[in-house]
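Remarks on the structure that follows.
There are 2 protein chains.
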Amino acid sequence: MCQSRQQAGRTAVPTTNNTSRISQRRKAAIAEGGPEYAAKRAKLVQTAAVVFREKGYTTATLNDVAERFGTDRASLYYYVGSKEDLLYECISTVLDANLEQGRRIAAGPGTVREKLTELVTLTLKSYEEHYPYAFVYIQEDMSHIAGRSTEWAEELVGKTHEFERLAFDLVSAGIQAGEFRSDLPTGLVTNGLFGMMNWTHRWFVPGHSKHDAAEIAGTFLSIFLDGMART
Amino acid sequence: MCQSRQQAGRTAVPTTNNTSRISQRRKAAIAEGGPEYAAKRAKLVQTAAVVFREKGYTTATLNDVAERFGTDRASLYYYVGSKEDLLYECISTVLDANLEQGRRIAAGPGTVREKLTELVTLTLKSYEEHYPYAFVYIQEDMSHIAGRSTEWAEELVGKTHEFERLAFDLVSAGIQAGEFRSDLPTGLVTNGLFGMMNWTHRWFVPGHSKHDAAEIAGTFLSIFLDGMART
DNA sequence: CCTACCGATCGGTAGG
DNA sequence: CCTACCGATCGGTAGG
Numbered sequence: 001m002c003q004s005r006q007q008a009g010r011t012a013v014p015t016t017n018n019t020s021r022i023s024q025r026r027k028a029a030i031a032e033g034g035p036e037y038a039a040k041r042a043k044l045v046q047t048a049a050v051v052f053r054e055k056g057y058t059t060a061t062l063n064d065v066a067e068r069f070g071t072d073r074a075s076l077y078y079y080v081g082s083k084e085d086l087l088y089e090c091i092s093t094v095l096d097a098n099l100e101q102g103r104r105i106a107a108g109p110g111t112v113r114e115k116l117t118e119l120v121t122l123t124l125k126s127y128e129e130h131y132p133y134a135f136v137y138i139q140e141d142m143s144h145i146a147g148r149s150t151e152w153a154e155e156l157v158g159k160t161h162e163f164e165r166l167a168f169d170l171v172s173a174g175i176q177a178g179e180f181r182s183d184l185p186t187g188l189v190t191n192g193l194f195g196m197m198n199w200t201h202r203w204f205v206p207g208h209s210k211h212d213a214a215e216i217a218g219t220f221l222s223i224f225l226d227g228m229a230r231t
Numbered sequence: 001m002c003q004s005r006q007q008a009g010r011t012a013v014p015t016t017n018n019t020s021r022i023s024q025r026r027k028a029a030i031a032e033g034g035p036e037y038a039a040k041r042a043k044l045v046q047t048a049a050v051v052f053r054e055k056g057y058t059t060a061t062l063n064d065v066a067e068r069f070g071t072d073r074a075s076l077y078y079y080v081g082s083k084e085d086l087l088y089e090c091i092s093t094v095l096d097a098n099l100e101q102g103r104r105i106a107a108g109p110g111t112v113r114e115k116l117t118e119l120v121t122l123t124l125k126s127y128e129e130h131y132p133y134a135f136v137y138i139q140e141d142m143s144h145i146a147g148r149s150t151e152w153a154e155e156l157v158g159k160t161h162e163f164e165r166l167a168f169d170l171v172s173a174g175i176q177a178g179e180f181r182s183d184l185p186t187g188l189v190t191n192g193l194f195g196m197m198n199w200t201h202r203w204f205v206p207g208h209s210k211h212d213a214a215e216i217a218g219t220f221l222s223i224f225l226d227g228m229a230r231t
């Protein structure tokens with residue numbers, strides 16, 4: 001794709017020029033914490049999520065985002081420092097929410113089956129609630145997006161792994177406790193569960209599909225929990 | 001990302017200029033059917049598949065492909081008419097193979113469980129065998145890639161739906177025959193199965209992963225078939 | 001002086 | 001098959 005001259009160069013310096021006048025004004029506006037500014041910034045991120053969902057992150061241009069936002073492309077830089085900033089904002093919101101709830105479920109009371117039921121339901125309801133942010137999160141493979149391991153990409157990949165680990169540990173505990181069958185590799189089982197959940201982004205459009213998140217979660221859980229039951 | 005002027009325009013005419021000198025020479029070479037030419041063209045498609053897998057189709061440039069192929073970007077047009085041609089070649093090979101085998105399985109003898117076992121095993125072994133073509137097929141969402149409904153995109157989407165329909169009909173037949181439980185929506189069940197299979201592209205690297213296609217297929221089938229069993 | 005931008009253009013690269 | 005380019009557009013920044 002088209003790269004900025006900073007990326008095109010051989011240096012590994014940050015992509016964004018953080019000393020430009022517009023970036024200084026952006027930082028000042030963020031520091032001030034005006035509620036109007038914050039609201040308009042959040043609205044911009046939402047607009048970006050809609051456009052990224054429609055066209056894909058790399059194919060979508062900042063001009064597409066600006067047009068939908070009803071402003072000029074150059075004006076976006078009053079709110080964000082780069083296109084990647086927009087992607088980060090889209091993803092981190094839903095990811096942080098999922099992770100916090102996931103940790104709470106894992107640490108809470110209940111059997112493995114109950115906790116997995118909560119975790120799967122949370123994931124699909126979060127997808128429904130945080131659409132299209134959640135779509136962008138699943139669609140955009142971080143390892144493909146970030147050419148090199150930037151700090152923010154590593155953070156998002158790390159948090160994704162932590163969430164997956166919550167499920168893996170629950171499956172593992174279920175096998176240990178004798179709730180689940182023990183003849184299948186735990187990693188493959190967990191990957192299969194996430195496959196059912198994450199592939200929804202290709203066919204589930206909240207508000208426009210035949211079934212809602214609760215029904216989808218229920219169906220997947222029926223298959224998974226019965227399929228994993230000790231015979 | 002950067003779009004060609006044909007796409008940027010409002011017309012629905014083909015992207016490629018098929019009257020250019022290089023395209024006429026390409027057609028002549030294809031018509032002649034020289035084995036050397038065909039072999040080098042196939043090698044180019046394979047190189048493209050490797051690059052598309054690494055960077056993603058839109059992010060990858062023809063210069064990336066040419067560099068890996070050991071030639072100039074402009075020279076690629078002696079073998080293919082456009083970047084989209086390379087994507088089509090990558091995908092149609094694996095898709096046609098899967099569809100042909102899938103039809104044979106569906107039309108053949110056996111119970112629903114036996115046929116689904118064959119279909120899932122075929123899909124994962126095909127992924128393993130046709131990697132990285134198969135990765136590109138799953139990764140690149142056709143509805144995102146083709147801005148408008150081009151002929152080749154429609155063909156690939158149609159064939160994908162036909163393959164999915166084979167599985168849907170098998171699940172449906174299994175419910176009718178009393179082999180499967182009847183309390184879950186057939187569409188969601190089928191989507192869950194394809195989710196398990198297709199999400200492999202995010203974590204399964206043939207030859208570099210802990211488990212092979214047969215083990216993955218066996219694990220998914222154990223969960224799915226036991227989970228779908230009539231209680 | 002501030003805010004929220006605009007019109008114009010930068011260096012580079014896209015597919016062809 | 002390369003050299004030499006095109007019309008268009010990229011993400012990002014300049015001054016006002």
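From first to last, the protein sequence lines are chains L and U.
For the first sequence, the residue numbers in our numbering are 1 to 231.
For the second sequence, the residue numbers in our numbering are 1 to 231.
C-beta atoms are modelled at their ideal positions from N, C-alpha and C, and glycine is treated no differently.
Can you list, in chain order, the residues of the region 68-97 of chain L whose Cβ is nearer than 9 Å to any Cβ on chain U?
Under the 9 Å Cβ criterion, the region 68-97 of chain L contributes no residue.
Drop a sphere of 10 angstroms on the beta-carbon of residue 205 (chain U), count the other beta-carbons inside from all chains shown, and report buried for 16 or more, exposed for fewer.
exposed
May I ask you to verify whether the region 151-167 of chain L touches the region 58-73 of chain L, counting CB pairs closer than 8 Å and requiring at least 3?
no
Backbone CA spacing between residue 209 (chain L) and residue 111 (chain U) [nearest angstrom]
31 Å
How far does the alpha helix (DSSP H) with residue 35 (chain U) in it reach, from first residue to last?
Boundaries of the alpha helix (DSSP H) around residue 35 (chain U): 35-55.
How big is the Cα-Cα spacing for residue 131 (chain U) and residue 123 (chain U)?
12 Å
For a quick check, are the C-beta atoms of residue 56 (chain L) and residue 144 (chain U) less than 9 Å apart?
yes
Using a Cβ-Cβ cut-off of less than 9 Å, list which residues of the region 177-199 of chain L approach chain U; keep chain order.
181, 183, 184, 185, 187, 188, 189, 191, 192, 193, 194, 195, 196, 197, 198 and 199
Cβ-heavy atom distance between residue 204 (chain L) and the ligand MG below 8 Å?
The ligand MG is not among the ligands present in this structure, which contains no ligands whatsoever.
Classification of residue 12 (chain U) by the beta-carbon crowding that lies within 10 angstroms, buried from 16 upward:
The pLDDT assigned to residue 12 (chain U) is 30, lower than 50, so where the model puts this residue is not dependable, and the model offers no usable value.
Measure the CB-CB distance between residue 125 (chain U) and residue 49 (chain U) and report whether it falls below 9 Å.
no
With 9 Å as the threshold, decide whether the Cβ of residue 232 (chain U) is near any Cβ in chain L.
What the structure shows of chain U is the stretch from 1 to 231, and residue 232 (chain U) is not part of that stretch, so it cannot be assessed.
Distance, residue 141 (chain U) Cα to residue 135 (chain U) Cα
11 Å
Within a Cβ cutoff of 7 Å, which residues of the same chain sit near residue 188 (chain U), ignoring the five residues on either side of it in sequence?
none
Assigned exposure category for residue 18 (chain L) - 16 Cβ within 10 Å defines buried:
Per the 10 Å Cβ criterion, exposed.
Is the region 80-96 of chain L in contact with the region 40-54 of chain L, if contact means three or more CB pairs nearer than 8 Å?
yes
Go to residue 94 (chain L), then tell me how far its alpha helix (DSSP H) extends in each direction, as first and last residue.
83-107
Answer with buried or exposed for residue 98 (chain L), where buried requires no fewer than 16 other C-beta atoms within 10 angstroms of its C-beta.
buried
For the alpha helix (DSSP H) that residue 207 (chain U) lies in, which residues bound it at each end?
Here residue 207 (chain U) belongs to no alpha helix (DSSP H), and DSSP marks it neither H nor E.
Report yes or no: is there a C-beta of chain L within less than 9 Å of the C-beta of residue 227 (chain U)?
yes
If we count the other Cβ atoms within 10 Å of its Cβ and call it buried at 16 or more, is residue 216 (chain L) buried or exposed?
buried
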